[in-house]
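J.: Below is one structure. I have some questions about it.
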Amino acid sequence: MTKPRLAILGGTFDPVHKAHLACALYVQQLLQPEQVQLMPCHLPAHRSSPGVSPEHRAAMVKLAIAPHPGLSLQTLELDQHRPSYTADSLQQLALLYPQHQLLFVMGSDSLAYFKSWKKWQSILELSHLVVCQRPGSGRTDGDCAALLDQFGVATPKQLAVQQSGAILWLDNAPMDLSASQIRQLLQSPQPELAAPLLDSRVLDYIRQHQLYQAM
Ligand SMILES: Nc1ncnc2c1ncn2[C@@H]1O[C@H](COP(=O)(O)OP(=O)(O)OP(=O)(O)O)[C@@H](O)[C@H]1O
Ligand SMILES: O=C(O)c1ccc[n+]([C@@H]2O[C@H](COP(=O)([O-])O)[C@@H](O)[C@H]2O)c1
Numbered sequence: 001m002t003k004p005r006l007a008i009l010g011g012t013f014d015p016v017h018k019a020h021l022a023c024a025l026y027v028q029q030l031l032q033p034e035q036v037q038l039m040p041c042h043l044p045a046h047r048s049s050p051g052v053s054p055e056h057r058a059a060m061v062k063l064a065i066a067p068h069p070g071l072s073l074q075t076l077e078l079d080q081h082r083p084s085y086t087a088d089s090l091q092q093l094a095l096l097y098p099q100h101q102l103l104f105v106m107g108s109d110s111l112a113y114f115k116s117w118k119k120w121q122s123i124l125e126l127s128h129l130v131v132c133q134r135p136g137s138g139r140t141d142g143d144c145a146a147l148l149d150q151f152g153v154a155t156p157k158q159l160a161v162q163q164s165g166a167i168l169w170l171d172n173a174p175m176d177l178s179a180s181q182i183r184q185l186l187q188s189p190q191p192e193l194a195a196p197l198l199d200s201r202v203l204d205y206i207r208q209h210q211l212y213q214a215m
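In terms of full-length UniProt numbering, the sequence shown opens at residue 1 and continues consecutively.
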């Protein structure tokens, strides 16, 4: 019998935007995990601190996923007040969900520097990687080529055959947007340009709490 799946989309979500949601929904539809959990990191290990608090980032994720059954918030990293490392989080998730197959979801820009992540080999021992295409990061960029050579490019069916260690390169339509672009727009003289890139509830929350404002 095939195992139930749990997909995890890790991120800073500063703020969560429409490409995150599109990616999560694409994975949900294609791979039918029991849930796609959006897991905000507490302190990213690899970049400067987020613009807003973990509480605000989590609240925005909750609002963005509210209309989508099957998408949920995973607070494991937020609950631990320390830098977040994916290998450690997946280790904990494997204990919490011993019956499940874990799928770690990322954008192709993340795969491009995956070999610099802490214990990246153990991530592939604990989960499959599901890679959502992002403009500017193709199969030959950064670490992608070497990883796809070493681990192969899996099909959705192949994910069922092995418990972990496969890389699935999705055929999603790439979406050219980022949280940094949104933060910049929100601080620009035309903050309304950020509106189409965000779920409307998230935009309302940002306005209500006066987040990402120009200093
Ligand atoms: N437009 C996108 N297409 C595909 N994947 C994306 C896109 N935006 C973000 N992701 C992926 O979602 C995950 C979380 O991303 P993150 O929260 O850092 O958002 P971001 O838009 O990349 O933020 P920033 O611009 O601040 O770096 C990462 O794996 C990232 O690659
Ligand atoms: O564990 C690591 O070494 C590591 C290094 C870089 C990124 N990550 C994770 O990758 C996810 C996306 O990161 P980011 O910066 O695009 O938000 C997020 O869950 C991070 O915790 C993890």
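For each residue, glycine too, the CB sits at the ideal point set by N, CA and C.
Helix, strand or coil: which one does DSSP assign to residue 296?
T.: Outside the shown range of the chain, which is 1 to 215, sits residue 296, and nothing can be said about it.
J.: Could you tell me the boundaries of the beta strand (DSSP E) in which glutamine 101 lies?
T.: 101-107
J.: May I ask you to report which of helix, strand or coil DSSP gives arginine 207?
T.: Note: arginine 207 maps to helix in three-state DSSP.
J.: Within the present structure, is the beta-carbon of arginine 134 separated from the nearest heavy atom of ligand 1 by less than 7 Å?
T.: Yes, the beta carbon of arginine 134 sits closer than 7 Å to at least one heavy atom of ligand 1.
J.: Per DSSP, isoleucine 8 forms a beta bridge with which residues?
T.: Gln37 and Phe104
J.: Measure the beta-carbon distance from leucine 168 to valine 202 and round it to whole angstroms, keeping in mind my assumption that it falls under 8 Å.
T.: About 28 Å separates the two Cβ atoms, so there is no contact after all.
J.: Does the beta carbon of arginine 139 fall short of 7 Å from some heavy atom of ligand 2?
T.: Outside the cutoff, so no.
J.: Could you pull the start and end residues of the beta strand (DSSP E) that serine 72 belongs to?
T.: 71-73
J.: Measuring CA to CA, which of Val27, Gly11 and Arg5 is closest to asparagine 172?
T.: Val27
J.: Could you give the distance in angstroms between the alpha-carbon of leucine 147 and the alpha-carbon of phenylalanine 114?
T.: 9 Å
J.: Looking only at its own chain, which residues have a Cβ that is under 7 Å from the Cβ of threonine 2, when we skip the five neighbours before and after it?
T.: Ala160
J.: What does a CB cutoff of less than 6 Å around cysteine 23 pick up in its chain, not counting 5 residues either side in sequence?
T.: Cys132
J.: With 16 as the cutoff for other CB atoms within 10 Å, does aspartate 79 come out buried or exposed?
T.: exposed
J.: Where do the N-terminal and C-terminal ends of the alpha helix (DSSP H) with tryptophan 117 fall, by residue?
T.: Membership of tryptophan 117 in any alpha helix (DSSP H) is not indicated, and neither H nor E is assigned to it by DSSP.
J.: CB-CB under 6 Å to residue 216, same chain, minus the five flanking residues each way: which ones, in chain order?
T.: This structure leaves residue 216 out entirely; the chain is present only between 1 and 215.
J.: Consider the C-beta atom of histidine 56 and the heavy atoms of ligand 2; say whether any pair is separated by less than 7 Å.
T.: no
J.: Taking 8 Å as the threshold, find out whether the segment 91-102 comes into contact with the segment 58-73 through three or more Cβ pairs.
T.: no
J.: For histidine 68, I'd like the list of residues in its chain whose CB is within less than 7 Å of its CB, leaving aside the five on either flank, ordered along the chain.
T.: Leu25
J.: Which same chain residues, not among the five before or five after arginine 134, have their C-beta less than 7 Å away from its C-beta?
T.: Closer than 7 Å at Cβ, skipping near neighbours: Gly107, Ser108, Asp109 and Pro174.
J.: Would you check whether ligand 2 has a heavy atom nearer than 7 Å to the C-beta of threonine 86?
T.: yes
J.: Let me check you understand the geometry: is the CB of serine 178 closer than 7 Å to at least one non-hydrogen atom of ligand 1?
T.: yes
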